[in-house]
Amino acid sequence: MGQKQAPPIAWLFSMIRSGSSIAAYAAAAPFRGIVADEIFGPWVRTGPHYKFPPEQQTVTELFRTSAGIITPEIACAANTVFDKLARGEAGIPVCSPGDEHLLARPSKGGSDGGRPNVVPIVVKMPHDHPAPAEVARIWPRQPHAFLLRNPIDRLSSIILRGMLPEGSSGGPGTSITANWDLPQLQQFCRRWLDAREQGRALVYDDIRRIPPSFFGALYRAWGWPVDEDTVAGATAYTQSNYHAMSAQKDATANTARPVSSEQRAAPAEAIRLYLSDETIVTAMKSVGWPTDPEAYIA
């Protein structure tokens with residue numbers, strides 16, 4: 184597959200356990216791009232699994248105490264991270280199945296199918312920090328897309344993954360905010376609904392159900408090139424890889440039937456709470472998901 188020109192940086196916002204890993208890595212694969220996976224933290228990812236440059240640690244440490252603001256110092260360090268990733272000096276590029284050999288050789292002007300001279304970057308943002316508006320304030324020309332998963336399936340995934348202590352409804356020391364993550368879910372649904380009006384909203388279910396439509400919509404939201412080969416490359420990646428968490432893959436998982444999509448673990452209390460909220464129900468209805476609690480309560 185020949186190398187295609189693409190804008191260097193695009194952002195994918197979601198909530199945790201919403202499919203942003205497979206979406207981001209698959210979208211980057213046909214371009215032999217790099218996923219800037221949670222570069223604002225909470226983890227330092229300068230080790231062998233991600234190979235981010237040392238400035239990513241600076242970004243993480245400064246942002247941890249910035250109250251969600253991208254200060255000039257954070258922006259400077261983040262820009263250095265992006266520059267080093269784009270030049271291929273750091274990070275680990277991904278590719279579509281069968282194209283692995285192309286990563287082994289440099290490109291000659293981007294025309295011979297080798298490594299691109301400027302590596303496209305997908306910034307994966309499954310947390311609410313920094314907020315999209317804050318990102319747009321610093322990088323106004325970099326496009327955004329928003330990925331929504333059925334909130335009840337998402338909560339089931341969190342529970343099945345052991346990310347929420349038994350008997351807990353979230354809060355400090357857990358992976359979600361209190362009251363089953365309701366405030367954050369409401370906020371993300373509002374952002375997703377706004378993005379939908381602008382053609383920048385996507386749905387997790389479509390990654391497996393209609394991947395060509397999903398990736399075509401994602402590339403258009405970013406303004407990236409869209410053609411049959413590109414979409415086919417992204418689709419093939421989803422069929423060959425299961426990202427359990429960020430770059431971590433599970434070779435034993437069934438890519439067509441993830442466990443969290445086959446089991447429902449969300450408690451009735453959380454289901455009724457979500458489906459009594461107007462914003463969440465509006466988002467779910469716009470997708471076509473059931474909004475009657477009895478559809479989810481066994």
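If you read the sequence shown in this note's numbering, its first letter stands for residue 184, the second for the next number, and so on.
Quick reminder that beta carbons are idealized off the backbone N, C-alpha and C, glycines included.
Source: prediction; values computed, not measured.
Item                                                                                                              : Value
In DSSP terms, what K307 is bridged to                                                                            : L195 and D220
F132: first and last residue of the uninterrupted alpha helix (DSSP H) it sits in                                 : Since the first residue shown for the chain is 184 and the last is 481, residue 132 is missing from the structure and cannot be characterised.
Residue from A250, A314 and L343 whose Cα sits closest to the Cα of M198                                          : A314
Anticipated Cβ contact below 8 Å, P309 with G216, distance rounded                                                : That belief does not hold up - the Cβ atoms of P309 and G216 are roughly 18 Å apart, past 8 Å.
According to DSSP, residues forming a beta bridge with F329                                                       : F196 and A384
Range covered by the alpha helix (DSSP H) that runs through M467                                                  : E461 to V470
Nearest neighbour of A273, chosen from Q367, E283, E411 and V301 [CA to CA]                                       : V301
Buried versus exposed call for Q239 [16 or more other C-beta atoms within 10 Å across all chains shown]           : buried
Contact belief for H327 with W472 at Cβ below 8 Å, rounded distance in angstroms                                  : At roughly 23 Å, the Cβ-Cβ gap does not stay under 8 Å, so H327 and W472 are not in contact.
Simplified DSSP state of N424, which is helix, strand or coil                                                     : coil
Spatially closest choice to F235 from K267, S204 and A250, by CA coordinates                                      : K267
G416, DSSP secondary structure in three states                                                                    : helix
Range of the contiguous alpha helix (DSSP H) that encloses L268                                                   : P255 to A269
Distance between beta carbons of A449 and L338, contact taken as under 8 Å                                        : 4 Å
Per-residue DSSP class, three states only, for R324                                                               : coil
Any chain B beta carbon closer than 7 Å to A451                                                                   : The structure shown contains no chain B, having only a single protein chain.
Straight-line gap, A212 to S204 (C-alpha atoms, nearest Å)                                                        : 12 Å
Among A316, I341, P323 and T465, nearest to A453 - alpha-carbon criterion                                         : I341
Proximal residues to F246 (C-beta, below 8 Å), its chain only, five neighbours per side dropped                   : F223, G224, I253, I257, H312 and P313
Neighbour-count burial assignment, P280, 16 or more Cβ in a 10 Å radius                                           : exposed
Proximity to S352 [Cα-Cα], best of L343, M346 and N362                                                            : N362
DSSP-derived helix/strand/coil call for F235                                                                      : coil
Coil, strand or helix - K278 by DSSP                                                                              : Note that residue 278 is Cys in the sequence shown here, rather than Lys. Reduced to three states, the DSSP call for C278 is coil.
Which of helix, strand or coil DSSP assigns to Q367                                                               : helix
Anticipated Cβ contact below 8 Å, V242 with A261, distance rounded                                                : 5 Å
Reduced DSSP secondary structure (H/G/I, E/B, other) of T474                                                      : coil
Nonlocal neighbours in the same chain, by C-beta distance under 8 Å from W226, ignoring five residues either side : T243
Straight-line gap, A378 to I480 (C-alpha atoms, nearest Å)                                                        : 30 Å
Close beta carbons around R373, own chain, < 7 Å, minus the five adjacent residues each side                      : T462
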